[in-house]
Amino acid sequence: MKTVKIISTIIAMAIITKTTFALDAAQAARVDALFKNFDHPNAPGASVMVIHNGKSVFAKGYGLADLVTKTPCTTNTNFRLASVSKQFTAMAVLMLADRGKLKLDEKLTDFFPEFPSYGKQITVQQLLTHSSGLIEYDEIMPAGTTIPVLDQDVLRLLIEHTGDAPKADLHTVAWSENETENAAKLKVELQQRAASVKTNRPATYFPPGSEFRYSNSGYALLALIVEVRSGQTFARFLKENIFEPLKMTNTQAYEQGLSVVPNRAFGHSLASNVWVRTDQSLTSSVLGDGGIYSSLSDLFKWDQSLYKSKLVSERVLRAAFTPHSKSDRAGLSYGYGWFIGEYRGLKEISHNGSTIGFRNRIARFPEKHFTVIILSNRAGGEWNEFPHRIADIVLFDAGR
1 MKTVKIISTI
11 IAMAIITKTT
21 FALDAAQAAR
31 VDALFKNFDH
41 PNAPGASVMV
51 IHNGKSVFAK
61 GYGLADLVTK
71 TPCTTNTNFR
81 LASVSKQFTA
91 MAVLMLADRG
101 KLKLDEKLTD
111 FFPEFPSYGK
121 QITVQQLLTH
131 SSGLIEYDEI
141 MPAGTTIPVL
151 DQDVLRLLIE
161 HTGDAPKADL
171 HTVAWSENET
181 ENAAKLKVEL
191 QQRAASVKTN
201 RPATYFPPGS
211 EFRYSNSGYA
221 LLALIVEVRS
231 GQTFARFLKE
241 NIFEPLKMTN
251 TQAYEQGLSV
261 VPNRAFGHSL
271 ASNVWVRTDQ
281 SLTSSVLGDG
291 GIYSSLSDLF
301 KWDQSLYKSK
311 LVSERVLRAA
321 FTPHSKSDRA
331 GLSYGYGWFI
341 GEYRGLKEIS
351 HNGSTIGFRN
361 RIARFPEKHF
371 TVIILSNRAG
381 GEWNEFPHRI
391 ADIVLFDAGR
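Residue numbers (this note's numbering): 1 to 400.
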């Protein structure tokens with residue numbers, strides 16, 4: 001019995017330690033060297049994991065998750081994922097499609113009857129693949145807005161920005177279940193703006209389906225579509241259908257005032273060579289495009305689930321990683337919630353996430369069962385190619 005307890009204690013300690021790796025010393029040193037600028041005792045940092053053949057072969061935290069408490073970044077630190085969240089939004093939609101609750105060729109007006117006529121041309125498929133042409137919501141937010149917007153507010157902005165919404169339904173779009181004083185104030189701001197909007201404003205950047213343009217608005221609407229067809233809030237659907245089944249116990253769609261994020265990293269940006277906290281913006285409460293918090297330990301479980309049909313059928317999972325639209329980024333296409341490209345002859349499935357105070361990247365090379373996850377709580381920096389450098393170190397230089 002004592003032996004069992006000792007083994008359990010060792011395992012528990014391994015989970016919470018700042019560093020665990022199975023790379024050889026030379027490889028680990030080369031990965032460390034990439035993140036030397038993050039490894040500072042008084043600066044925001046990063047958490048990095050390398051997964052190979054179902055095992056974490058390198059996992060390390062650099063710098064601080066919280067400059068106030070001097071809490072270090074670890075494998076269990078929860079970072080705001082920003083646009084890395086889109087893969088979870090896409091999976092939620094695909095799960096409903098797999099269950100027959102929606103079809104990818106359904107139109108916006110099938111979910112939101114109050115949507116203007118241009119919504120009849122926009123499909124779920126186009127929202128998933130950034131080919132809808134929807135106007136970005138931060139471009140049509142009222143000037144001087146000081147109140148954080150929610151996914152429901154994105155819908156209202158898109159309904160009202162052209163001025164051709166059905167007049168009887170102009171102000172009937174549902175707001176949050178428990179409308180706060182701030183939400184009520186924002187509603188007034190939007191209604192005042194709608195009264196003066198020009199009716200000849202273009203409804204979309206281009207005819208739906210004709211081009212690619214990365215769209216946060218589209219993914220905010222996808223979160224609302226999940227709510228319409230599931231009968232649950234987006235956050236609850238994710239929790240009950242993705243996070244809990246995969247035992248991602250610390251991952252959540254963050255709702256300010258309703259959620260508490262354990263082991264939280266706070267975002268930071270440089271101002272006059274000093275790191276200042278820049279953790280939330282006016283758009284941080286929009287969940288569908290970037291509102292999820294997670295950690296390396298939970299994302300390891302997520303990554304491994306994507307090799308199996310745990311959440312959706314194999315057919316649907318395969319479709320998620322199939323190019324559906326050619327992106328405006330050289331050599332990249334877009335699947336459902338993922339960019340799809342190639343590196344050194346290997347298929348690469350990846351996504352970045354950048355927002356105020358955070359920058360993240362997940363890069364998967366499924367043919368080699370190899371993944372690099374980088375989560376950081378500092379804005380800026382030129383490290384987008386680090387997953388490729390790590391692949392060079394582990395896969396190519398080692399001849400694996």
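For glycine and all other residues, C-beta sits at the position ideal for the given N, C-alpha and C. Fair warning: this is a prediction, and the values are worked out from it, not measured in the lab.
Assigned with DSSP and collapsed to three states, Ile340 falls in strand. Under the Cβ criterion (8 Å, minimum of three pairs), the stretch 289–308 counts as touching the stretch 71–91. Pro148 and Pro366 have their alpha carbons spaced roughly 38 Å apart. Secondary structure at Gly218: helix, using DSSP grouped into helix, strand and coil. Ranked by Cα distance from Asp138, the first of Ser285, Ala253, Gly45 and Ala22 is Ser285. For Asp397, the three-state secondary structure derived from DSSP is coil.
If the five residues before and after Asn53 are omitted, its C-beta is found closer than 7 Å to the C-beta atoms of His369, all from its own chain and listed in chain order. When Cβ pairs closer than 8 Å are counted between the two stretches, the stretch 305–312 is seen not to touch the stretch 28–47, the count staying below three. When rounded, the separation of the alpha-carbon atoms in Trp338 and Ser131 is 14 Å.
DSSP assignment within the stretch 322–370 yields the following whole beta strand (DSSP E) runs of 3 residues or more, N-terminal first: 339–343, 346–355 and 358–365.
In this structure, DSSP gives Thr71 an extended state, which the three-state scheme calls strand. Per DSSP, reduced to three states, the secondary structure at Lys308 is coil, with no helix or strand assignment.
Under the DSSP assignment, Met49 falls in the beta strand (DSSP E) whose first and last residues are Ala46 to His52. About 14 Å separates the beta carbons of Leu222 and Leu150, which is beyond the 8 Å limit, so they are not a contact pair. DSSP places Leu23 outside any alpha helix (DSSP H), giving it a letter other than H or E. In this structure, Arg389 sits near Leu34, with a CB-CB distance shorter than 8 Å. In this structure, DSSP gives Arg264 an extended state, which the three-state scheme calls strand. For Thr162, the three-state secondary structure derived from DSSP is coil. Scanning its chain for C-beta atoms nearer than 7 Å, with the 5 sequence neighbours on each side dropped, one finds around Ala253 the residues Phe234, Ala235, Leu238, Leu287, Gly291 and Ile292, in chain order. The Cβ atoms of Ile51 and Val124 lie no closer than 8 Å to each other. Rounded to the nearest angstrom, the gap between the Cα atoms of Gly218 and Asp24 is 44 Å. One Cα belongs to Arg156, the other to Ser281, and the distance between them is close to 19 Å. According to DSSP, Tyr293 shares a beta bridge with Arg80 and Gln252.
Taking 8 Å as the cut-off, the beta carbon of Lys55 is found closer than this to the beta carbon of Ala22. Secondary structure note for Leu317: its alpha helix (DSSP H) is the uninterrupted segment Glu314 to Ala320. A contact is defined here as three or more CB-CB pairs under 8 Å, and the stretch 266–280 fails this definition with respect to the stretch 97–109. Between the C-alpha atoms of Gly357 and Leu375 there is a straight-line separation of about 11 Å.
For Asp289, the closest C-alpha among the options Val31, Pro208 and Tyr336 is that of Tyr336.
Minimum Cα-Cα distance from Pro207 among the listed residues Lys347, Gly119, Phe88 and Ala65 corresponds to Gly119. DSSP places Val228 in the helix class (H, G or I) of the three-state scheme.
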